[in-house]
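K.L.:
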Amino acid sequence: MKLTKNTAGRRVPDIVNGVAQTPYKGAGKFAPTGTKAAPPIRAAQDYPADGDKRVPSIKEALERAGLADGMTISSHHHFRNGDLLMVPVFDAAAQLGLKNLRWFPSAAFPCHEPIIKHMESGVISHIEGSLNGPLGRFASEGRMNGTAVLRSHGGRWQAVQDGEVHIDLALLAAPTADPFGNATGDRGPSACGLLGFGLVDSLYADRSIVVTDDLVPFPCVPWQIMGQNIDYVVEVDQVGDPSKIVSGSTRLTRSPDRLYIAELTAKFVRAAGIMRDGFSFQAGAGGTALAFAIYLREMMQEAGVKARFIRGGSTKYLVEMLEEGLTDFILDGQTFDLEGVRSMRENPGHIDTSPFTSYNWHGKGNFASMVDVVVLGATEVDLNFNANVVTHSDGVMLHGIGGWQNCLASACTILPIPSFRDRIPIIVDEVTTLCGPGELIDVVVTERGIAINPLREDLIQATRRSGLPIKPLAQIKAEVEALVGGPPQKPALADEVIGIVKWVDGTVLDSVFKIEAN
Amino acid sequence: MSKTSISGIPATRLRSDCVVAYTPATGGALKITVRSKVLALYGEAIRQQAAATLADLEIASGHLEIDDFGALPFVLQARIEAAVKGAYPDLQAVSLPPRTDHKRVKSSRDRFRRSRLYIPGVQPKMMVNAALHGADGIILDLEDSVAPAEKLSARLIVRNALRVLDFGASERMVRINQGARGRRDLEAIIPEPVQLILAPKVESAEELRAIDQLISDISQAAGRKEPVYLMPILESALGITRAVEIAAASPSNVALAIGLEDYTADLGVQRTEEGRESFYARSVLVNAARAAGLQAIGTVYSDVDNEAGLAAAAREARSLGYDGMGAIHPRQVGIIHAGFAPDAGEVEKAQEIVRAFQAAEEQGLGVVALGSKMIDPPVVKRAQRTVDLAVAAGLLKRGWKGKAK
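So the protein lines, in turn, are chains A and C.
Number 466 in our numbering belongs to position 471 of the first sequence; there are no gaps in the numbering.
Each number in our numbering corresponds to the 1-based position in the second sequence with 288 added.
1) Going along the segment 412 to 432 of chain A in order, which residues come within less than 8 Å of chain C, judged by CB to CB distance?
2) According to DSSP, is A/W98 part of a helix, a strand, or is it coil?
3) Inspect the beta-carbon positions of A/Q153 and A/N361 and report whether they are closer than 8 Å.
4) On the DSSP letters alone, give me the boundaries of the beta strand (DSSP E) that C/M519 sits inside.
5) Give a yes or no on whether the minimum CB-CB distance between C/T388 and chain A is below 8 Å.
6) Once you ignore the five residues that flank A/G243 on each side, which residues in its own chain have a CB closer than 6 Å to its CB?
7) Buried or exposed: where does C/S607 fall if 16 or more other Cβ atoms within 10 Å of its Cβ makes it buried?
8) As a quick exercise: from A/E115, A/G279, A/A261 and A/F274, pick the residue whose alpha carbon is nearest that of A/P293.
9) Can you tell me where the alpha helix (DSSP H) with A/D453 in it begins and where it stops?
10) Based on DSSP bridge pairs, tell me the residues matched to A/L371.
11) Let's test the definition: count the other Cβ atoms within 10 Å of the Cβ of A/P467 and tell me whether it reaches 16, buried, or not, exposed.
12) Would you say C/R619 faces chain A, with C-beta separation under 8 Å as the test?
13) Measure from the alpha carbon of A/P27 to the alpha carbon of each residue in A/E511, A/I510 and A/T502, then state which is nearest.
14) In whole angstroms, give me the CA-to-CA distance for C/R673 and C/Q639.
15) Go through its chain and collect everything with a Cβ distance to A/I436's Cβ below 7 Å, but skip five positions before and after it.
16) Quick one: is A/L463 near chain C, going by C-beta distance under 8 Å?
17) For chain C, check one thing: does any of its Cβ atoms lie closer than 8 Å to the Cβ of A/P251?
18) How would you list, in chain order, the residues of chain A whose beta-carbon sits under 8 Å from the beta-carbon of C/G358?
19) Report the rounded CA-to-CA distance for C/E634 versus C/M662, giving the unit in angstroms.
20) Considering only C-alpha positions, which residue in the set C/R399, C/T341, C/K439 and C/H390 is nearest to C/A419?
21) Just how far apart, CA to CA, sit A/H(-4) and A/Q16?
22) In whole angstroms, what is the alpha-carbon distance linking C/R570 and C/G586?
23) With distances taken from CA atoms, which of C/T292, C/L658 and C/A671 is nearest C/A309?
24) Of all the options A/V439, A/T441 and A/L378, which has the alpha carbon lying nearest to the alpha carbon of A/E425?
25) For A/F508, which residues does DSSP report across the bridge?
26) In angstroms, rounded to a whole number, what distance separates the CA positions of A/A489 and A/V7?
27) Do C/M415 and C/A449 have their C-beta atoms closer together than 8 Å?
28) Run the CB neighbour count on A/G23, radius 10 Å, all protein chains shown included, and call it buried at 16 or more, exposed below.
29) How far does the beta strand (DSSP E) with A/F304 in it reach, from first residue to last?
30) Quick one: grab the DSSP three-state call for A/G480.
31) Could you tell me the boundaries of the alpha helix (DSSP H) in which C/L496 lies?
32) Would you grab the beta carbon distance between C/S403 and C/V574 for me? Rounded to a whole angstrom, and I think it's under 8 Å.
33) Quick one, are the C-beta atoms of A/F324 and A/I346 less than 8 Å apart?
34) Compare the C-beta of A/L478 against all C-beta atoms of chain C and say whether one is closer than 8 Å.
35) For the segment 102 to 122 of chain A against the segment 296 to 303 of chain A, do three or more pairs of beta-carbon atoms, one drawn from each stretch, fall closer than 8 Å, so that the two count as touching?
36) Within 10 angstroms of the Cβ of A/I10, are there 16 or more other Cβ atoms? Answer buried if so, exposed if not.
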């Protein structure tokens, strides 16, 4: 694999899984050309006139859809760690004797660990999508056949739309659907909120299968997924466990340090003048981001300030803000708990969005850049504010990108992070994997102080007399290194690329290298 | 066969901590085994530190095994020393991390002690950022929160924490054990930058005088010039009965504290939310403290999730004459400070008195008057303290005098 240096100074391959790649050119510098991809034309004469597209089993649906060796299967992750569909799908593919499939999920979770055996046996060649936990470790150890391709939520839409990834077969878990294939996520015993991550799959795939455990007679409304894009409908006992969408990253923190960081972040947003009538914010998953929203809510109540919209991942905390009238809208990309699901179903101010409306860079604008302030996590930040979210400092890939890269387009990006975890410093000389260029990251809030990107003279001026502990990133780094016994040694990484990180425009931002087994 | 000595509790896998085992051997090469969750990043540093620590302790044989979950160097060093000293209890050598030079806030007899945040001596993760939460005092606890098997480890971790960590504006307090164990605690702690010692379960003036004497001796030997203040904790019927003598026993006393868990157990009654069973004791303690010119410090409120209950307890303690109370979670600190803040009426009145005093001083008058009333010096002093409290609680700006009228 030939590696060349991109504009960010990172070594990236020019061909990945047999596909030629464009190296990263700089934020907003790559100009796409050509026309969008399109699915094949279908005709109504080939579909049942009574609208009943039901097929008795997943296995039969895979056969009828013509699944063959080397094809690409896609899926959405609205059930997060409670997905019950994709393990049986690949079990069925294995029974059919299929080989060399590519799985293209919007994200994979620890619940998908059983799929490792299908990668070992060759049923699946590789996964392109956010790899959380065990699958990430599997890939990091160099045990996956192909190369992992990590994309943001917006980047996944872009890749399909631009024809970079062709989906042969989409499998769409649907909490409620009708026999025609209209489907919704906001109701039914397994309600998960919305199906926005699966929308691009339904629009661009050659064939699409809706799988549901709550079949209703036509019409299923609202039709978040339209039956006109669906080939087959399969009924199963349970399509997902919505209680598990509340996984680790979406629980409120109880750590006093993290609560302190969250409060400091909210104070910064207030002091910088961002919290004003009609403003907007987004707080991602992660305990600190949730706590930030709670502190900000208190400050908004105190100041009598109301937001125009909040971007979800929705949680019960955001739902309460909507119901209290602290915001006109929640523009929601995925629901992180059951209160979010209920609100999306019942509250006309709780709007479901997709990566197309929110994040896609190759469109005529998107919501992310209209957000006044976004609060995100990170595993590492360097002194130029470049940040990492996919690998840890020891080189192991454990997280996906999610909407993180797309959110960097907001007017103010804040990373509230502890300055070290256990012994490992978060502020480093060079990030292990570059996921977000520093020019787009404005503020880092740690328990030891707040660092503002020198590019943001306006924020520096606005908070100069705030009394907040504002200091250079280098000073926080030095304080931490004194405590942990100096910067860490370089982890032993092989010069073998096991994954790449795409930027929002489809160019290659960085490579993830194989870890040496210890 | 040599017996293995262990510092840390195996199987707890406590983050930012470690378990160290040392098995002595006569002769043979020194063996160091490191297992760590940060091995890829700090494996070499841990190995080097282990070797250096053993060299400090003059250990050249045996087997040292480290199971590390991201412990900071000062913790590793303490646990290695504790494991070795578990095997060789009479070993005199020590292994001290270099002292870090932080801006250290000086303590004083009558500084605010509204909140004191308890941190178990074996919870280093909680020590590192303890200063963030704005408590008036941070207590590194060697007593009730530390299991008997971990007493030596706690002593060394706390000693090293005092050398290395920045506790910011918080007063640095240590609660020692009783008896012989407490004396060894003092030997390790007093040479370090501790500012106040809490003596538990004090029941007599002699007991306290002995502690005071030992502190003086250790201070002298260590060349320590800064004072060490004392806060005896009365937590038995006998202690309460002798509160007056105990309060007057030592010039180092700055406050009396009450401990109600043990006190109610001593009486053989349930500790209740309304606290009628301890009303007498709490009143006696305030009286004894005031009579000796000391602060009176209340007990801890143990239900961390009940913020309203804590707020009520703090208000009540203040109304009885208490100056502060204990906190067992950082989230309690702000609530306690609000509870011990003066109310608006008090602040306004105190401001008037302070202004009148200032005016009298400027005019060279010996007597302070407010309207037709004469104001005594103790009233002025109290008013000044109320104003200072209001500033500390964020109710008044520091420069409020400038903005008057």
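Where is the CB? At the ideal position from N, CA and C, for every residue including glycine.
Remember, predicted model here, so these are calculated numbers, not experimental data.
P.N.:
According to the data block:
1) Cβ contacts with chain C: R416, D417, R418 and I419.
2) Note: A/W98 maps to strand in three-state DSSP.
3) Taking 8 Å as the Cβ cut-off, A/Q153 and A/N361 do not qualify as a contacting pair.
4) Where C/M519 is concerned, the enclosing beta strand (DSSP E) stretches over Y517 to L522.
5) Chain A contact via Cβ: present.
6) Its pLDDT being 47, under 50, A/G243 is placed unreliably by the model, and the measurement read from it follows with that caveat. The beta carbon of A/G243 is closer than 6 Å to none in its chain, skipping five residues each way along the sequence.
7) Under a 10 Å Cβ-count criterion, C/S607 is classified as exposed, with fewer than 16 other Cβ atoms of the shown protein chains found around its own Cβ.
8) The question names Pro, but residue 293 of chain A is Glu in the sequence shown. Each of A/E115, A/G279, A/A261 and A/F274 was checked against the Cα of A/E293, and the nearest Cα belongs to A/A261.
9) Start and end: E452 to A457.
10) Checking the DSSP bridge columns, you'll see A/L371 has no partner listed.
11) If you draw a 10 Å sphere on the C-beta of A/P467, you find fewer than 16 other C-beta atoms in it, and that means exposed.
12) So yes, C/R619 belongs to the interface.
13) For the options A/E511, A/I510 and A/T502, the alpha carbon positioned closest to that of A/P27 is the one of A/T502.
14) Put simply, the backbone Cα of C/R673 is about 10 Å away from that of C/Q639.
15) Closer than 7 Å at the Cβ level, and outside the excluded window around A/I436, lie F380, A382, L403, T408, L410 and N448.
16) Taking 8 Å as the CB threshold, A/L463 stays off the interface with chain C.
17) Yes, contact with chain C.
18) Listed along the chain, the chain A residues whose CB falls inside 8 Å of the CB of C/G358 are R416, D417, R418 and I419.
19) Those two C-alpha atoms are separated by around 18 Å.
20) Checking every option, the nearest Cα to that of C/A419 belongs to C/H390.
21) First, the amino acid is wrong: residue -4 of chain A is Met here, not His. CA-to-CA, the gap between A/M(-4) and A/Q16 works out to about 12 Å.
22) Between C/R570 and C/G586, the C-alpha separation is close to 8 Å.
23) Closest option to C/A309, Cα to Cα, is C/T292.
24) The shortest Cα separation from A/E425 among A/V439, A/T441 and A/L378 belongs to A/L378.
25) Looking at the DSSP assignment, A/F508 forms a beta bridge with A/V492.
26) Rounded to whole angstroms, the separation of the alpha carbons of A/V7 and A/A489 is 14 Å.
27) In this structure, C/A449 lies closer than 8 Å to C/M415 by Cβ.
28) Label assigned to A/G23: exposed.
29) If you look at A/F304, you'll find it in the beta strand (DSSP E) that goes A302 to R306.
30) Note: A/G480 maps to coil in three-state DSSP.
31) Where C/L496 is concerned, the enclosing alpha helix (DSSP H) starts and stops at A493 to A510.
32) The C-beta separation of C/S403 from C/V574 comes to about 18 Å, leaving the pair out of contact by the 8 Å criterion.
33) In this structure, A/I346 lies closer than 8 Å to A/F324 by Cβ.
34) At least one C-beta of chain C is nearer than 8 Å to the C-beta of A/L478.
35) Output reads no: the segment 296 to 303 of chain A does not touch the segment 102 to 122 of chain A.
36) The residue in question, A/I10, is exposed, as its Cβ has fewer than 16 Cβ neighbours within 10 Å.
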